[in-house]
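Trainee: Mapping the sequence shown onto UniProt numbering, position 52 (from 1) lands on 52, and the numbers just tick up by one.
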Amino acid sequence: MPELSPTRHLDTFTRDRILAVDPWPDLRLPGPWGGDFNAATLFVDGPAAAHPDRTALITDAGEWTYAEFAARVNRSARVLTEDLALRPGQRVLLRGRNGPWFAVWLHGVLKAGGVVVPVSARLRSAEIAQIVDICEASFILCDAADADITAAVPILTYPDDLDRLTSRRPDAFDTVATAADDVALLAFSSGTTGIPKATMHFHRDLAYLTHPARRDLMGVRPGTVIASNRPMTFPYALVGLCMMPLRYGATALARHFDDVAGFFAAVEECDARIVLSDPGSYRAAEAPPGGERAYYSCAEALSPAVARRWHERTGSVLRNALGVTEHLWLVTGAAPLGDRPGSVGVPLPRYDAAVFDAAGDPCGPGTPGRLGVRGPTGVRLIDPEQQRAAVHRGYTLTGDWAHLDADGYVWLYGRTDDMVKVRGILVAPAEIENVLLAHPAVSAAAALGLRDAERGDRMHAYVTLRPGADADAVIREVRSALDARLADYRRPERLQVLPEMPYGPTGKIDRKALRERSGLPLVGEEHDA
Numbered sequence: 001m002p003e004l005s006p007t008r009h010l011d012t013f014t015r016d017r018i019l020a021v022d023p024w025p026d027l028r029l030p031g032p033w034g035g036d037f038n039a040a041t042l043f044v045d046g047p048a049a050a051h052p053d054r055t056a057l058i059t060d061a062g063e064w065t066y067a068e069f070a071a072r073v074n075r076s077a078r079v080l081t082e083d084l085a086l087r088p089g090q091r092v093l094l095r096g097r098n099g100p101w102f103a104v105w106l107h108g109v110l111k112a113g114g115v116v117v118p119v120s121a122r123l124r125s126a127e128i129a130q131i132v133d134i135c136e137a138s139f140i141l142c143d144a145a146d147a148d149i150t151a152a153v154p155i156l157t158y159p160d161d162l163d164r165l166t167s168r169r170p171d172a173f174d175t176v177a178t179a180a181d182d183v184a185l186l187a188f189s190s191g192t193t194g195i196p197k198a199t200m201h202f203h204r205d206l207a208y209l210t211h212p213a214r215r216d217l218m219g220v221r222p223g224t225v226i227a228s229n230r231p232m233t234f235p236y237a238l239v240g241l242c243m244m245p246l247r248y249g250a251t252a253l254a255r256h257f258d259d260v261a262g263f264f265a266a267v268e269e270c271d272a273r274i275v276l277s278d279p280g281s282y283r284a285a286e287a288p289p290g291g292e293r294a295y296y297s298c299a300e301a302l303s304p305a306v307a308r309r310w311h312e313r314t315g316s317v318l319r320n321a322l323g324v325t326e327h328l329w330l331v332t333g334a335a336p337l338g339d340r341p342g343s344v345g346v347p348l349p350r351y352d353a354a355v356f357d358a359a360g361d362p363c364g365p366g367t368p369g370r371l372g373v374r375g376p377t378g379v380r381l382i383d384p385e386q387q388r389a390a391v392h393r394g395y396t397l398t399g400d401w402a403h404l405d406a407d408g409y410v411w412l413y414g415r416t417d418d419m420v421k422v423r424g425i426l427v428a429p430a431e432i433e434n435v436l437l438a439h440p441a442v443s444a445a446a447a448l449g450l451r452d453a454e455r456g457d458r459m460h461a462y463v464t465l466r467p468g469a470d471a472d473a474v475i476r477e478v479r480s481a482l483d484a485r486l487a488d489y490r491r492p493e494r495l496q497v498l499p500e501m502p503y504g505p506t507g508k509i510d511r512k513a514l515r516e517r518s519g520l521p522l523v524g525e526e527h528d529a
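#1: Do three or more CB pairs link the stretch 68-80 to the stretch 120-127 at distances below 8 Å?
#2: Short check: CB of V92 to CB of V119, under 7 Å?
#3: When you compare each of I195, G323, V497, A294 to R415 by their alpha carbons, which one comes out closest?
#4: Nearest-angstrom Cα distance between D407 and D83?
#5: Considering only residues of the same chain and omitting the five flanking positions on each side of P502, which have a CB-CB separation below 8 Å?
#6: Along the alpha helix (DSSP H) that carries C242, what are the first and last residues, could you check?
#7: Look at the alpha carbon of E526 and the alpha carbon of R517, and state the distance between them as a whole number of angstroms.
#8: Taking the alpha-carbon of A20 as reference, which of L302, L29, P2 has the nearest alpha-carbon?
#9: DSSP has Q496 in a bridge; who is on the other side?
#10: Could you give the first and the last residue of the continuous alpha helix (DSSP H) run that contains T65?
#11: Between the alpha carbons of G280 and E500, how many angstroms are there, rounded?
#12: According to the Cβ coordinates, are D26 and R370 closer than 7 Å?
#13: Which residue spans inside the stretch 187-274 form an unbroken alpha helix (DSSP H) run of at least 4?
#14: Tell whether a beta-carbon distance below 7 Å holds between T210 and R273.
#15: What number of angstroms, rounded off, separates the C-alpha of F102 from the C-alpha of L10?
#16: Residues in the same chain with beta-carbon distance under 8 Å from A67, minus the five sequence neighbours each way, listed in chain order, please.
#17: For L318, which residues of its own chain have a beta-carbon under 6 Å away from its beta-carbon, when the five flanking residues on both sides are left out?
#18: What runs of the beta strand (DSSP E), each 3 residues or longer, lie entirely inside the stretch 357-428?
#19: Any idea which residues DSSP pairs T332 with across the strands?
#20: CB-CB under 6 Å to I382, same chain, minus the five flanking residues each way: which ones, in chain order?
#21: What residue from A227, G113, G249, A172 has the CA that sits closest to T55's CA?
#22: Note the first and the last residue of the continuous alpha helix (DSSP H) segment covering A144.
#23: Leaving aside the five residues before and after A252 along the sequence, list all residues of the same chain whose C-beta is less than 6 Å from its C-beta, in chain order.
#24: Tell me the rounded alpha-carbon separation between V267 and V275.
#25: Can you look up T59 in the DSSP assignment and give me helix, strand or coil?
Shown next as structure tokens:
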């Protein structure tokens with residue numbers, strides 16, 4: 001365990017659990033960083049003082065300057081400490097859709113010395129209750145549009161309840177002192193046993209994730225507009241919209257979008273130069289924005305066919321990246337030797353990757369295995385058993401099956417839980433999905449292994465089609481492509497067209513829901529059978 005600064009938290013729940021972390025990941029820190037540091041000084045206080053009149057957020061109701069944003073954050077911090085009696089270190093669940101008030105309350109909790117716990121607006125009461133129990137949250141701040149939940153702790157809605165309280169507060173607030181290695185944020189992800197995994201992230205982590213080297217790599221400049229239709233409750237947009245632009249005087253498009261068309265229309269309207277989205281949105285875009293922009297894809301596998309079509313339609317490269325909740329944000333996405341479709345690039349500055357075989361030994365170039373990443377951030381889970389399974393040789397295991405090529409580019413095959421052994425040979429669902437998505441009429445695809453008690457594991461595949469497509473013709477053409485490109489054991493035994501693809505709370509395809517259609521157990525998920 002590295003040496004930690006004395007905590008400034010009065011509620012020591014997270015510090016107590018940090019002290020119990022074993023083993024620790026190998027943190028590649030750029031230098032000593034101790035003492036007091038509250039990340040809100042980077043994202044709120046400093047920018048508001050440096051350029052108060054610059055636009056911080058573009059909202060549905062107009063633009064907010066940095067000074068206006070800081071004033072709202074300060075009023076929210078006053079409500080948290082004075083009306084709700086928040087003590088430094090207490091956990092606050094933040095549940096809501098994308099918008100400026102989510103960013104306000106996120107930074108309000110940080111300024112007040114609390115620990116923010118972002119949770120998806122798609123989670124239901126039972127799931128929320130599980131998270132509240134794990135992190136012992138004090139209360140929930142919830143968008144009024146998504147307040148259809150019950151909980152054992154108080155629920156306050158914004159802007160309704162909280163706007164009434166903040167309207168009476170002054171615009172100034174002295175940021176509460178926290179240690180650089182006090183926990184600032186708990187990020188939850190799904191566990192394979194059904195128990196959510198809670199990763200603890202320090203205030204200093206938020207500084208590393210928005211390091212100037214990343215700013216330069218992404219091309220973030222003062223006034224640059226960054227847009228995303230991914231939920232702010234998840235790290236990809238949480239850091240990409242609520243932290244990175246604010247630190248450097250850029251502008252975040254802080255709006256909720258119900259459809260892909262509306263999002264890309266807004267990208268063009270506000271001239272966003274950096275776009276953070278997902279493969280499904282890029283596939284579904286009927287009218288991509290014109291002009292050269294930096295497009296990033298994350299959250300699920302990006303097939304080479306989708307990347308190629310996007311470049312043909314826009315002239316812009318669609319940059320594939322890997323985000324890891326245990327590291328909180330992107331860990332790969334650089335392409336020093338040019339983009340290689342199908343790869344998620346090389347590790348970002350200060351990070352490196354390794355691949356390990358079944359015995360735990362490093363794999364050579366081109367040999368697949370379990371992917372591990374290390375850098376200034378790393379996994380620190382509340383649950384000791386989950387922590388022991390998440391670290392190997394100092395690397396945070398990402399849960400991905402991958403290989404590194406000779407130049408250090410990372411190539412993903414799929415989640416380790418999704419890999420299927422057919423006739424004794426491992427098959428990656430992504431290999432099948434890439435063939436399916438290469439057909440222009442296929443809008444979404446998923447392949448999964450299903451367990452047949454008599455015949456063993458078999459691959460099944462599901463697709464949705466674009467409007468007007470002839471399903472019978474598409475199936476024939478896709479089958480022909482599968483026969484031509486994949487060995488027989490890699491081909492799906494069953495290929496089904498669905499009216500729509502099921503998606504889970506994270507916006508990723510819900511493979512368990514697909515399994516239920518077949519009545520067979522999903523490979524790697526026997527506990528759910």
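Backbone N, C-alpha and C define an ideal beta-carbon position, used for all residues, glycine too.
Mentor: The structure says:
#1: Cβ pair count under 8 Å is below three, so no.
#2: Not closer than 7 Å, so no.
#3: Among I195, G323, V497, A294, the Cα nearest to that of R415 belongs to G323.
#4: Between D407 and D83, the C-alpha separation is close to 55 Å.
#5: Contacts found: I509, D510, A513, L514.
#6: For C242, the uninterrupted alpha helix (DSSP H) run begins and ends at 235-242, by DSSP.
#7: Because E526 sits at a pLDDT of 30, beneath the cut-off of 50, its placement in the model cannot be relied upon, and the following sentence gives the value as read from the coordinates. E526 and R517 have their C-alpha atoms spaced approximately 16 Å apart.
#8: Checking every option, the nearest Cα to that of A20 belongs to P2.
#9: Per DSSP, Y462.
#10: In this chain, T65 is not harboured by any alpha helix (DSSP H); it is covered by the beta strand (DSSP E) spanning 62-65.
#11: Rounded to whole angstroms, the gap between the alpha carbons of G280 and E500 is 12 Å.
#12: No, the Cβ-Cβ distance between D26 and R370 is not below 7 Å.
#13: Listed in chain order, the complete alpha helix (DSSP H) runs (minimum 4 residues) inside the stretch 187-274 are 203-209, 212-218, 235-242, 244-247, 260-269.
#14: Against a cut-off of 7 Å, the Cβ pair of R273 and T210 comes out as no contact.
#15: Between F102 and L10, the alpha-carbon positions lie close to 25 Å from each other.
#16: Counting only residues of its own chain and dropping the five nearest sequence neighbours on each side, A67 has a CB closer than 8 Å to the CB of A48, P52, D53.
#17: Correct list, in chain order: Y295, S297, A307, W310.
#18: Correct list: 369-374, 395-404, 410-415, 420-422, 425-427.
#19: Its beta-bridge partners are L322, P347.
#20: Non-local C-beta neighbours of I382 in its own chain, meaning closer than 6 Å and more than five positions away in sequence, comprise R17, A198, ordered along the chain.
#21: Of A227, G113, G249, A172, the residue nearest in Cα terms is G249.
#22: Boundaries for A144: no alpha helix (DSSP H) harbours it, and the DSSP string shows neither H nor E there.
#23: Within the same chain, and ignoring the five residues on either side of A252 in sequence, the residues whose Cβ sits closer than 6 Å to its Cβ are L57, I226, L241, P245.
#24: Each residue's alpha carbon lies about 8 Å from the other.
#25: Looking at T59 - three-state DSSP - the assignment turns out to be strand.
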